[in-house]
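A short worksheet on the structure shown next.
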Amino acid sequence: MKALFPIPASAAIGLLGLAVVLVCAMFAPWISPFDPNAVIGDPWGPAQPGHPLGFDNLGRDLLSRLITGARTTVFVALAATVIAFVIGVFLGLTAAILRGLTDAVLSRFNDLLMSIPTLIFALIVLSALPQNLMVLILVMAVLDATRIYRLARALAMDVGAVEFVEAARLRGEGLLWLLGREILPNTMTPLLAEFGLRLAFNVLFISTLSFLGLGIQPPTADWGSMVKENKDGIIFGVSAALVPGAAIALLTVSINLVVDWLLRRTASLRGGRDDG
Amino acid sequence: MADTDHDRPLLSVRGLRLGVRAHASGEPPRDVEIVHGVSFDLRKGRVLGLIGESGAGKSTIGLAALAHARGAMRITGGEVLLDGENILALDNAGKRGIRGARVCYVAQSAAAAFNPAFRLGDQVIEATLRHGLATRAEARVRAVGLFRMLGLPAPETFGRRFPHEVSGGQLQRAMTAMALCPRPELIVFDEPTTALDVTTQIGVLAAIKSAIARTGTAAIYISHDLAVVAQIADDIMVLRNGETVEYGPARQIVERPVAAYTRDLVRQHEIRHDEVPDQSGRFFEMTGIFASYGSVPVLSDVSLHLSKGQTLAVVGESGSGKSTLARVATGLLPPRQGTVRLDGADLPPRLNGRSKAHLRRIQMIYQIPDTAMNPRQTVEDIIGRPLTFYHGLRGAQKRARVADLLEQIDLGPAFLDRYPAELSGGQKQRVAIARALAAEPDLLICDEPTSALDPLVAAGILRLFLRLQQERQLSYMFITHDLAIVQAIADSVAVMHRGRLVRFGPRSSALRPPFDAYTDTLLASVPQMRVGWLDAAIARQAAGVASPD
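First to last, the protein sequences are chains U and L.
The first sequence runs 1 to 276 under full-length UniProt numbering.
The second sequence runs 1 to 549 under full-length UniProt numbering.
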């Protein structure tokens, strides 16, 4: 990993942002100054000493909720995206390598899932299944995996047509080697870019689901539901809804800065593709 | 042809310098010079050949004659005088007025240079119309005349076709017509025949040569093949790393080269391998092979065999089925009929049916080493994988063996940790050969392994193949379209034409008359390193043999 240094300024900012969010997520109970669920002030009360961001719609400390909310938001979004990538990439690459019947079955099943609007599908499934965090994460992951499957399969079809994959087949290599050693490393660049995007989308998707009452249940703090709870304040000139919004933006921008940097590093291994 | 203006050359390039700003990661940008002060003169009606390996700056210099620099390159010094006027000093409008009107350009890949959505005729006259050099009707008439002059079929209606409806050779001629249409003073030909088969190349070369002679335009002809340039050019400039190595009349360059590098270029065809007399062994054998892609038959009734430690050259133009033959031998394409035998035992027709031991014994070398190796693996991983996979070597043992193999292909252990992108074309092909050797194979199937390389590098690879064959008793099935390579390395020869084997036998008898019509055309089409070969070949064809294109 010596090639990762020196870190450019943009990546350093991204890493710093990510670090702040992760530290909040990991150490929320210790960092958070007040109980995030305790009503200790006026609804939408303004900032005051000890409460730098003011209070939310019920009078809970906004900073404490923001710090605690990082935990839920980051955990759910990250877990859902990672699982989605594992499923989508594995099946997508397998379909591209094996082709034939395997590809047909997997692809048509994928089309079937994709043909149902994501939000409606999520609403139906989530209202039927028990409402807990694990189910939420898995549903989001499966829905996201359909998109990643498509991307991974298309990328692998391209890479699989290159002769070094044929050379590996001629050597007698099995599916796992072809998938993990020959094709996956050569599809990493677009997949990483997609990872950054998907993670950001998933943060927003949890917010959507929470907004509709099927995501994270109150009173648990998460950034999406905090936007929802405080949105009416905007009419009265209260900026409480913008604070979790800004946190989502910070996370998204940080992720993309880091991903951009990783992309540049991995792309430079290919001759002529170096943009550095 | 008479020089009308003796005092002043049409094009005069003085101390031309081009550079590019390099942005190496982690370093401040710095300027790298690509062309270091090149000068030449070109008179009306004369042809200058620019020759050199890739990266020598030939195309860059050719484009400078249009006052153009490709990509991030910039012209940093010198003058390009067209009829006494420095075109580098012109503004953009002035440069546009010259390009496509007074100076035209013929690109290497006509297939990529034509817009597939428009008819050829409209594209051929486009520049002429844009510059207002003729009315549409006049330009059409002129285009038809050019089509006829360049020997295109049905010249009256040829312009109505779309690019995909004509062959590669015809497309290259159409592009030449496009360049000639505005009646330019100068045409820059950038490797116009490199992508064509030899049998097609000779026709296009003849057409270009006669068109230059009849229109009296001056030309810069860029190629990496000295034998081709020698047929067309009056003067030749040999370039290397952006500098002039040698500059003089074509005859002098070919017959009495002064610089050591030019002498190497002229001598490149002089690898000699004496044919093995006894070729009765049947170490590798393909019998009665029929194969098809879907319902399209590609091979019909091909039978050939190869002795241990010998080389079988499979020659033929693109589409003749030579690469398909390799796919059948490796098991990638199971034949519809026929058997493949190695060392006295039948090989299962399908790749999936072959055991690790079968797979180990036949290894493949590809034409383009860049795509044949995983760009994300180091040289050690690439060469080491067959060692682990077939022979179970790991860790230090494997690393030592890889270093050993690197020595055998004349690269050192310093290359162990490099990625393919950090190697030159020739080094990549050597690594690909080492990967094949790592399996300890009996038969190497080489699919045009040198045709993507510069001539001198290719010669080095051929010598390596010959040396390895002697050391290890390797058998080669060597697919090529280059008969010079056949002469250099083959013991036996198989000539393929439209999926059939038209000739097979020891090199000495297969390439000796009497020939069938196709082998004769093929042999007559290979450019020879002497001035006047093309004229003789055309005269010979006119005297009776059917036109090759």
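Ideal placement from N, C-alpha and C gives every residue a C-beta, glycine not left out.
Please classify residue i: does DSSP put it in a helix, a strand, or coil?
| i | result |
| --- | --- |
| residue 550/L | No answer is possible for residue 550/L: the residues shown for chain L start at 1 and end at 549. |
| residue 48/U | strand |
| residue 166/U | helix |
| residue 549/L | Any reading at residue 549/L must be qualified, since the residue scores a pLDDT of 43, below 50, and its modelled position is unreliable; no value is offered. |
| residue 261/L | helix |
| residue 17/L | strand |
| residue 419/L | coil |
| residue 132/U | coil |
| residue 271/U | Caution is warranted here: a pLDDT of 39 is assigned to residue 271/U, below 50, making its placement in the model unreliable, and the coordinate value is therefore given only provisionally. Residue 271/U: coil per DSSP, three-state reduction. |
| residue 239/U | helix |
| residue 116/L | coil |
| residue 12/L | strand |
| residue 552/L | Because chain L is modelled from 1 through 549, residue 552/L falls outside the range shown and cannot be assessed. |
| residue 34/L | strand |
| residue 520/L | helix |
| residue 7/U | coil |
| residue 51/L | strand |
| residue 20/U | helix |
| residue 40/U | coil |
| residue 5/L | In this prediction, residue 5/L scores a pLDDT of 49, lower than 50, which makes its location untrustworthy; the coordinate-derived value is nonetheless stated afterwards. If DSSP states are grouped into helix, strand and coil, residue 5/L belongs with coil. |
Of the residues the options, which one's Cα is nearest the Cα of residue i?
| i | options | result |
| --- | --- | --- |
| residue 224/L | 189/L, 356/L, 255/L and 377/L | 189/L |
| residue 100/L | 67/L, 163/L, 167/L and 488/L | 67/L |
| residue 483/L | 19/L, 494/L, 379/L and 305/L | 494/L |
| residue 376/L | 188/U, 171/U, 205/U and 232/U | 188/U |
| residue 106/L | 536/L, 470/L, 432/L and 59/L | 59/L |
| residue 184/L | 194/L, 204/L, 471/L and 218/L | 218/L |
| residue 41/L | 357/L, 165/L and 248/L | 248/L |
| residue 137/U | 95/U, 216/U and 44/U | 216/U |
| residue 323/L | 305/L, 311/L, 298/L and 119/L | 298/L |
| residue 21/L | 31/L, 12/L and 15/L | 31/L |
| residue 190/U | 139/U, 204/U and 151/U | 151/U |
| residue 143/U | 176/U, 97/U and 82/U | 82/U |
| residue 328/L | 206/L, 277/L, 348/L and 228/L | 348/L |
| residue 62/U | 256/U, 220/U, 186/U and 193/U | 220/U |
| residue 352/L | 169/U, 15/U, 250/U and 209/U | 169/U |
| residue 174/L | 372/L, 378/L, 320/L and 124/L | 124/L |
| residue 280/L | 61/L, 491/L and 17/L | 491/L |
Does the Cβ of residue i have 16 or more other Cβ atoms within 10 Å, making it buried, or fewer, making it exposed?
| i | result |
| --- | --- |
| residue 3/L | Only weak support is given to the placement of residue 3/L: the predicted model assigns it a pLDDT of 46, under 50, and the value that follows is read from those uncertain coordinates. With fewer than 16 other Cβ atoms within 10 Å, it is exposed. |
| residue 172/L | buried |
| residue 209/L | buried |
| residue 407/L | exposed |
| residue 99/U | exposed |
| residue 148/U | buried |
| residue 46/L | buried |
| residue 56/L | buried |
| residue 354/L | buried |
| residue 85/U | buried |
| residue 473/L | exposed |
| residue 191/L | buried |
Interface residues of chain C around residue i at Cβ under 9 Å?
| i | result |
| --- | --- |
| residue 450/L | Absent here is chain C; the protein component of the structure consists of chains U and L. |
| said: Does the structure place the stretch 445-458 of chain L close enough to the stretch 365-376 of chain L that three or more beta carbon pairs sit under 8 Å? | reply: The way I'd put it, the stretch 365-376 of chain L does touch the stretch 445-458 of chain L; three or more beta-carbon pairs between them come closer than 8 Å.
| said: Just to confirm the assignment: which complete beta strand (DSSP E) runs, minimum length 3, are found wholly within the stretch 126-195 of chain L? | reply: Fully enclosed beta strand (DSSP E) runs of 3 or longer: 186-190.
| said: Would you call the stretch 52-67 of chain L in contact with the stretch 86-96 of chain L, where contact means no fewer than 3 C-beta pairs closer than 8 Å? | reply: Touching, yes, given that three or more Cβ pairs across the two stretches are closer than 8 Å.
| Looking at C-beta atoms only, is the number of pairs between the stretch 68-78 of chain U and the stretch 157-174 of chain U that lie closer than 8 Å three or more? | No: fewer than three Cβ pairs fall under 8 Å.
| query | Any chance the stretch 170-188 of chain U sits against the stretch 221-239 of chain U, with 3 or more Cβ pairs inside 8 Å? | reply | Three or more beta-carbon pairs separated by less than 8 Å are not found between the stretch 170-188 of chain U and the stretch 221-239 of chain U, which leaves the two stretches without contact.
| field | Completely contained beta strand (DSSP E) runs for the stretch 317-405 of chain L, where each covers 3 or more residues | value | 337-342 and 362-365
| Can we say the stretch 28-39 of chain L touches the stretch 229-246 of chain L, given the rule of at least three CB pairs closer than 8 Å? | Contact holds: three or more Cβ-Cβ distances are below 8 Å.
| field | Ordered list of alpha helix (DSSP H) runs contained in the stretch 423-506 of chain L, each at least 4 residues | value | Within the stretch 423-506 of chain L, the complete alpha helix (DSSP H) segments of 4 residues or longer fall at 425-438, 455-472 and 483-489, listed in chain order.
| query | Going along the chain, which unbroken runs of the beta strand (DSSP E) with 3 or more residues stay wholly within the stretch 216-267 of chain L? | reply | 218-223, 235-240 and 243-249
| query | Is the number of C-beta pairs between the stretch 431-438 of chain L and the stretch 370-386 of chain L that are closer than 8 Å three or more? | reply | Between the stretch 431-438 of chain L and the stretch 370-386 of chain L, the count of Cβ pairs shorter than 8 Å is three or higher; the stretches touch.
| field | Segment contact flag, the stretch 496-512 of chain L with the stretch 303-320 of chain L, C-beta cutoff 8 Å, min 3 pairs | value | yes
| Can you list the alpha helix (DSSP H) stretches of 4 or more residues lying completely in the stretch 188-265 of chain U, in chain order? | 223-230
| If you pair each beta-carbon of the stretch 103-122 of chain L with each one of the stretch 163-171 of chain L, do three or more pairs fall below 8 Å? | yes
| Does the pairing of the stretch 199-218 of chain U with the stretch 71-78 of chain U give three or more beta-carbon distances under 8 Å? | yes
| task | Count the C-beta pairs between the stretch 418-435 of chain L and the stretch 228-236 of chain L that are closer than 8 Å, then say yes if the count reaches three, no if not. | result | no
| said: Closer than 8 Å is the cut-off here; do at least three beta carbon pairs connect the stretch 86-93 of chain U with the stretch 243-251 of chain U? | reply: No: the two stretches stay apart, fewer than three of their Cβ pairs being nearer than 8 Å.
| message | Tell me whether the stretch 125-134 of chain U and the stretch 330-341 of chain L touch, counting them as touching only if at least three CB pairs, one residue from each stretch, are closer than 8 Å. | response | no
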